[in-house]
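Asks:
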Amino acid sequence: VKSTDQLQKVVAAIEASHSFGVLSHIDPDGDAAGCMIATLVMLRALGKEAHCLQSQEVPDIYNFLPGYDLLIEEHPIRRYEHQELDCVLVLDCSNPTRISWDYDQASYPAKTVVNIDHHKDNSLFGDLLIVDPKATSTAELVFRLVQRFGLSKDLVIGTAIYTGMATDTGYFTYSNTTAKAMRIGAELLETGVDVAFLRRNLDSCFTPNRLAFLGKVLSSIETTDDGAVVWMRGTLDMRRETDFWGSTEQFANYAMKTRSAQVGLLFVQEDDSEYKVSIRSRGKIDAGEFAARYGGGGHARAAGCRFTGNLEEVLSDMICIIQRGLGEGVPSTDRSRVAR
Ligand SMILES: [Mn+2]
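In my numbering, the protein residues as written are 7 to 346.
Structural data, given as structure tokens:
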């Protein structure tokens with residue numbers, strides 16, 4: 007089925023529906039937050055009743071975004087158990103297990119589930135789909151919908167879309183950046199989106215406690231002898247020492263700050279033997295495929311998973327797999343010295 011037909015079907019479903027639920031993946035990032043805001047503002051502009059289904063989970067680092075209040079207000083349908091919604095839009099989720107823990111399908115049944123996503127491992131769940139792995143972000147796909155409804159000049163929507171696209175492309179510099187994405191970026195800039203304001207607020211989202219915790223995480227750095235695999239950890243003790251309990255989003259990026267790093271891992275302890283792992287890759291290893299081995303998922307260069315068990319055991323298991331993938335055994339010819 008052609009993607010334009012799919013888009014047309016989703017447009018028709020939105021027109022025919024009245025009550026909506028909008029949600030995204032657990033640990034919402036800038037793309038998740040951005041496309042939820044854009045979708046909610048779009049639906050309300052169309053006169054629909056639309057609410058966020060994961061109001062408990064959106065980190066307050068996004069509270070500077072216009073429309074953030076729509077993400078944190080509780081869905082009124084909680085008061086009427088098992089009332090069916092006309093339509094639930096699931097954004098930036100590759101499969102139903104990535105859907106917010108806040109969401110309980112039994113409490114929020116829907117006549118139509120729409121799956122809008124750009125992960126290449128999307129399981130194609132739902133009744134209607136807009137799934138395009140070539141899109142930089144789910145926000146870019148939501149923008150196509152927004153255009154169909156003539157709302158592409160709305161500044162709140164534009165700001166949210168830009169946030170999603172900038173998050174997933176590293177401000178239009180990662181390898182997934184396309185000319186098409188930059189044209190949308192230019193269009194949003196012309197609409198009046200304040201890109202410097204967004205950069206400042208997305209980057210300067212640290213509290214002193216968050217910085218102190220990051221400092222401890224950075225100090226934990228370890229690498230393989232060749233420096234190709236880099237890992238760091240954030241423990242519950244570090245949490246207590248710094249009294250920081252918030253989101254560790256983007257901390258894993260620091261593992262990739264050396265020239266030699268091919269793969270970076272960040273282990274954040276959630277409970278005694280429960281860990282969240284963030285994975286970054288320069289491209290030789292597919293981070294999403296690697297994460298899938300441990301029940302997680304994501305993209306080729308950024309992914310995540312969780313596990314319960316002994317950290318040292320899982321860690322050495324992971325390093326083994328990564329080194330094999332990077333082609334250990336091939337004698338290294340210290341290219342870095344030549345290159346410089
Ligand atoms: Mn995304």
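In this text, a Cβ means the ideal position worked out from N, Cα and C, and glycines have one as well.
#1: What number of angstroms, rounded off, separates the C-alpha of residue 313 from the C-alpha of residue 295?
#2: Taking the straight line between their C-alpha atoms, what separation do you get for residue 164 and residue 283?
#3: Ignoring anything shorter than 4 residues, give me the alpha helix (DSSP H) runs that lie fully in the stretch 205-260, in order along the chain.
#4: In terms of residues, what are the limits of the alpha helix (DSSP H) holding residue 267?
#5: Should residue 174 be listed as close to ligand 1, given that the test is whether its C-beta is under 7 angstroms from any heavy atom?
#6: Taking all protein chains shown into account, decide if residue 10 is buried (16 or more other Cβ within 10 angstroms of its Cβ) or exposed.
#7: Less than 6 angstroms between C-beta atoms, sequence neighbours within five positions excluded: which residues of the same chain meet that for residue 375?
#8: According to DSSP, is residue 286 helix, strand or coil?
#9: Which same chain residues, not among the five before or five after residue 109, have their C-beta less than 7 angstroms away from its C-beta?
#10: Closest to residue 75 by C-alpha separation, out of 202, 44 and 91, would be which residue?
#11: Please state whether the Cβ-Cβ distance between residue 233 and residue 264 is less than 8 angstroms.
#12: Excluding sequence positions up to five away, which residues of its chain have a Cβ less than 7 angstroms from the Cβ of residue 56?
#13: Is any heavy atom in ligand 1 found nearer than 7 angstroms to the beta carbon of residue 143?
#14: Would residue 96 pass as a contact of residue 119 if the rule is Cβ separation under 8 angstroms?
#15: Is it buried or exposed for residue 180, if we count other Cβ within 10 angstroms and need 16 for buried?
#16: Output needed for residue 220: all residues of its chain with C-beta closer than 7 angstroms, excluding positions within five of it in sequence on either side, in chain order.
#17: Three-state secondary structure (DSSP) at residue 312?
#18: On the DSSP letters alone, give me the boundaries of the alpha helix (DSSP H) that residue 38 sits inside.
#19: Is any heavy atom in ligand 1 found nearer than 7 angstroms to the beta carbon of residue 138?
#20: In three-state DSSP terms, what is residue 203?
#21: Any heavy atom of ligand 1 closer than 7 angstroms to the beta-carbon of residue 81?
#22: By how many angstroms is the C-alpha of residue 288 removed from the C-alpha of residue 122?
#23: Scan the stretch 92-130 and note each continuous beta strand (DSSP E) run of 3 residues or more that stays entirely inside, going in chain order.
#24: May I ask you to check if the CB of residue 57 is nearer than 7 angstroms to at least one heavy atom of ligand 1?
#25: On a CA-only basis, which of 117, 188, 279 and 308 is nearest residue 132? Give me that one, please.
#26: Can you give me the start and stop residues for the alpha helix (DSSP H) that residue 325 sits inside?
#27: Give the DSSP-derived three-state secondary structure of residue 26 in the structure shown.
#28: Taking C-beta to C-beta, are residue 204 and residue 169 nearer than 8 angstroms?
Replies: Here's the rundown:
#1: 16 angstroms
#2: 32 angstroms
#3: 214-225 and 242-248
#4: No alpha helix (DSSP H) holds residue 267; DSSP gives it neither H nor E.
#5: yes
#6: exposed
#7: Shown here, the chain extends from 7 to 346; a query on residue 375 therefore has no answer.
#8: strand
#9: 29, 59 and 60
#10: 44
#11: yes
#12: 26, 28, 46, 49 and 50
#13: yes
#14: yes
#15: exposed
#16: 257
#17: strand
#18: 36-51
#19: no
#20: helix
#21: no
#22: 26 angstroms
#23: 116-123
#24: no
#25: 117
#26: 317-331
#27: strand
#28: yes
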